Amino acid sequence: MMKAGVAGLTGRFKWQKYILPVLFFILLVIFVIYPTATVFENSLKVNGNFSLGNYIDMFARPNFFKILWQSFLVAALVAALSTVLGLIIAVVVLKTTLPLRRLFSFATVVPLIVPGFVASLAFIYLFGRNGLISYQLLGINLNIYNWPSVVVVQCMDFTAMAFLLISAVLISIDSQVEDAARDLGASEWEVFQTITLPLLKPGIIAAVILVFMRSMASFGTVIFLGGPFSTLASASYTQLIGAYNIETAATFNAVLMIICAVAFWFYVRAQATSSRIRAPFTGATRKPINFSRPLKILLMGVISAFAIFILMILASVFLAAFTRYIGTDYSFTFDHMNRALQRGSAGMMNTLYFASITAVVVSITGIILAYIITRIDFKGKGLLDLLATMPFAIPGTFIGIGYILAFNQPPLLLTGTWIIVMAVTIIRQVPLGLRAGASVLSQQDRAIEDASSSLGANKITTFIRIILPMAGPAILVTALYAFVSTVQTLGAIIFLITPGTKLLSVDVFEAVYKGEISTAAALSVIMLLLSAAGMLGIYFIQQRGKAAKWVQRALLQRPM
9 MMKAGVAGLT GRFKWQKYIL PVLFFILLVI FVIYPTATVF ENSLKVNGNF SLGNYIDMFA
69 RPNFFKILWQ SFLVAALVAA LSTVLGLIIA VVVLKTTLPL RRLFSFATVV PLIVPGFVAS
129 LAFIYLFGRN GLISYQLLGI NLNIYNWPSV VVVQCMDFTA MAFLLISAVL ISIDSQVEDA
189 ARDLGASEWE VFQTITLPLL KPGIIAAVIL VFMRSMASFG TVIFLGGPFS TLASASYTQL
249 IGAYNIETAA TFNAVLMIIC AVAFWFYVRA QATSSRIRAP FTGATRKPIN FSRPLKILLM
309 GVISAFAIFI LMILASVFLA AFTRYIGTDY SFTFDHMNRA LQRGSAGMMN TLYFASITAV
369 VVSITGIILA YIITRIDFKG KGLLDLLATM PFAIPGTFIG IGYILAFNQP PLLLTGTWII
429 VMAVTIIRQV PLGLRAGASV LSQQDRAIED ASSSLGANKI TTFIRIILPM AGPAILVTAL
489 YAFVSTVQTL GAIIFLITPG TKLLSVDVFE AVYKGEISTA AALSVIMLLL SAAGMLGIYF
549 IQQRGKAAKW VQRALLQRPM
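Every position in the sequence shown, counted from 1, becomes a number in our numbering once 8 is added.
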């Protein structure tokens, strides 16, 4: 009987560890797999019947391959230019003694709080037909509604990501390796070219792939600045919002999703390979590289031009929000802000409400998921990790259309409710919470948890009293960044909002789309201030030394 009792307890414990994983599996299947499958299903339907007709019609369109080529062209150019800029800025900030490095670092991460469509608005202020620089200062009338403008604005937006990715690798390089090359007679340029640059390869590859994915999924900048130019993301938006052709929109998004999934697969493979071949350094020290004077001047010129451009973009938004009419009448006024507060009050309250709930849920869910994946052995662990990470690779337009199609009929009739908006904002941030939590748990000594267990504490008690306090900074940073990302979110929720669930980002987008420039600028200022508050919180946590290297990695998990 005693053996039977022990066997019963063992069997019960064996099944108890599957309770939380199964619960998360069910939620992820409902809110990730089901919408994804629904988009592909609708792309394979013509008048309710399964058919390849949508794909045949799409490939038969004379402009489809042009749109596909344009998408690849812009994404590849943006990935290459953003990575080069990010590399230059990371090297200047972390590997030189050049002046104004803190200012350059600040200017580079400013785009983290400036959504692409707000940057597009500022770009129009500066270089449009009545732009401050193009027309007012230089007296030329530029046509900025073309693909080069899209490339410029997206580069400004995504260079911050490349900078953080490359910086995360650069700070882990021990200068002893570089000193060994110097001892063998290598010049400073040869040290950088043969030692530092090859060691930066994982960060460079990651930057290229992730920026490519972001650019492929971006549609706001293309809509505002592209003119006749179109990409897969903007074409899918036009098909749904303009023509309300949901099957064609689903087909465009299916192709976009396949491209992003392939790119994400290459990213995962590259990260796995780099982690196997990269030797970890403990107590790594950084030593500046003394580049030649001409090269220093070149680096300073490039990074100064980029920083000035970023700060001009930011300043132009505030200028347009608080002057009567940017370009002609620069007298101060609060009228635009008053109109923005009246028009966007509901959106602002909804944004604070949704962003706050998303921040709390994502931070707690992320650390629980991370604990399950890193601390509990069960069958299907890899699959759970994959499902929880999937939203990171899903374009915003794809998941937005997926939620429309999946949740517009019983038993999950969520369309038009606040639940669907809440669900999509949380699901979009789950990879952030998981990766930040897994990163901090991987750095913790498990002996502390073992000691808690040996003293009689169960897993729940150990999690609450040991794991949560030690992961406090990670949870807080995750919450703050989830808050910022939700404030800025547009791609997924623009298809889902109703007058009662409209967010501030949608108010800004609609104001720009309707040509209400000053009101859009005032609304943008409100949104920027909300985002800046969250980013300042992250900054102060880092400065107080309560966040580790995983903070930089966590900041990169920004949904598309």
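Ideal Cβ positions, reconstructed from N, Cα and C, are used throughout, including at glycine. These figures come from a predicted structure and were not determined experimentally.
Check	Outcome
At the level of alpha carbons, what is the spacing between S195 and R301?	14 Å
Would you tell me roughly how many angstroms separate the C-alpha atoms of A98 and R277, rounded to the nearest one?	24 Å
May I ask which residues mark the beginning and end of the alpha helix (DSSP H) holding T423?	Per DSSP, T423 belongs to no alpha helix (DSSP H) and is neither H nor E.
Could you have a look at W558 and say whether DSSP puts it in helix, strand or coil?	Confidence at W558 is low in this model, with a pLDDT of 46, below 50, so its placement is unreliable and no value can be given for it.
Thinking C-beta only, is S238 closer than 9 Å to G124?	no
Count the other CB atoms within 10 Å of the CB of F517; is the residue buried (16 or more) or exposed (fewer)?	buried
Please specify which runs of the beta strand (DSSP E), each continuous and at least 3 residues long, are wholly inside the stretch 271 to 356, giving them in chain order.	331 to 333 and 337 to 340
Just to confirm, is the Cβ distance from N154 to L36 under 9 Å?	no
Using only the alpha-carbon positions, how far apart do V100 and L307 sit?	7 Å
Grab me the residues of D187's own chain with a C-beta within less than 8 Å of its C-beta, minus the 5 sequence neighbours each way, in chain order.	K295
So, for G410: in the same chain, excluding its five sequence neighbours on each side, which residues have a beta-carbon less than 7 Å away from its beta-carbon?	P43, T44, T46 and V47
Short of 6 Å in beta carbon distance, which residues of its chain neighbour T331, apart from the five on each side in sequence? Order them along the chain.	Y338
For the alpha helix (DSSP H) holding Y411, just list the boundary residues, first then last.	G404 to A414
DSSP beta-bridge partners for N57?	V54
Take the Cβ of I64 as the centre, count every other Cβ of all protein chains shown within 10 Å, and call the residue buried at 16 or more, exposed below.	exposed
Provide the residue span of the alpha helix (DSSP H) that contains Q496, from first to last.	G480 to Q496
Would you list the residues sitting across from T417 in a DSSP beta bridge?	Correcting the residue type first, residue 417 is Gln in the shown sequence and not Thr. Q417 is bridged to L420.
Give the straight-line distance between the Cα atoms of L208 and F166, rounded to the nearest whole angstrom.	18 Å
How would you write the range of the alpha helix (DSSP H) that Q184 sits in, first residue to last?	S183 to D191
If we require 4 or more residues per run, which alpha helix (DSSP H) segments fall completely within the stretch 96 to 138?	109 to 117 and 124 to 135
Are the beta-carbon atoms of L248 and F503 separated by less than 9 Å?	yes
Tell me whether L28 sits in a helix, a strand or coil according to DSSP, three-state version.	helix
If T366 and T433 are in contact, beta carbons under 8 Å, what's the gap, nearest whole angstrom?	5 Å
Could you compute how far the alpha carbon of F260 sits from the alpha carbon of F200?	43 Å
Take every Cβ of the stretch 445 to 455, pair it with every Cβ of the stretch 482 to 492, and state whether three or more of those distances are shorter than 8 Å.	yes
Taking all protein chains shown into account, decide if V30 is buried (16 or more other Cβ within 10 angstroms of its Cβ) or exposed.	exposed
What's the gap between the Cα of L377 and the Cα of Y26?	13 Å
Assign D385 to buried or exposed, taking buried as 16 or more other Cβ atoms, counted over all protein chains shown, within 10 Å of its Cβ.	exposed
With DSSP run on the structure shown, which of helix, strand or coil describes Y252?	coil
Which stretch, first to last residue, makes up the alpha helix (DSSP H) that contains P236?	Counting along the chain, P236 falls outside any alpha helix (DSSP H), and DSSP gives it neither H nor E.
One question on the structure: do G499 and A241 come within less than 9 Å of each other, judged by their Cβ atoms?	yes
By how many angstroms is the C-alpha of I203 removed from the C-alpha of P288?	Because P288 sits at a pLDDT of 46, beneath the cut-off of 50, its placement in the model cannot be relied upon, and the point is left open.
Using a Cβ-Cβ cutoff of less than 8 Å, which residues in the same chain neighbour V370 once the five nearest sequence positions on both sides are dropped?	I434, Q437, V438, L440, G441, T486, A487 and A490
Between which two residues does the alpha helix (DSSP H) holding M221 run?	K209 to A225
Which first and last residues belong to the alpha helix (DSSP H) in which I456 is found?	R454 to S462
Within the chosen definition, does the stretch 82 to 89 reach the stretch 204 to 223 through at least 3 CB pairs nearer than 8 Å?	yes
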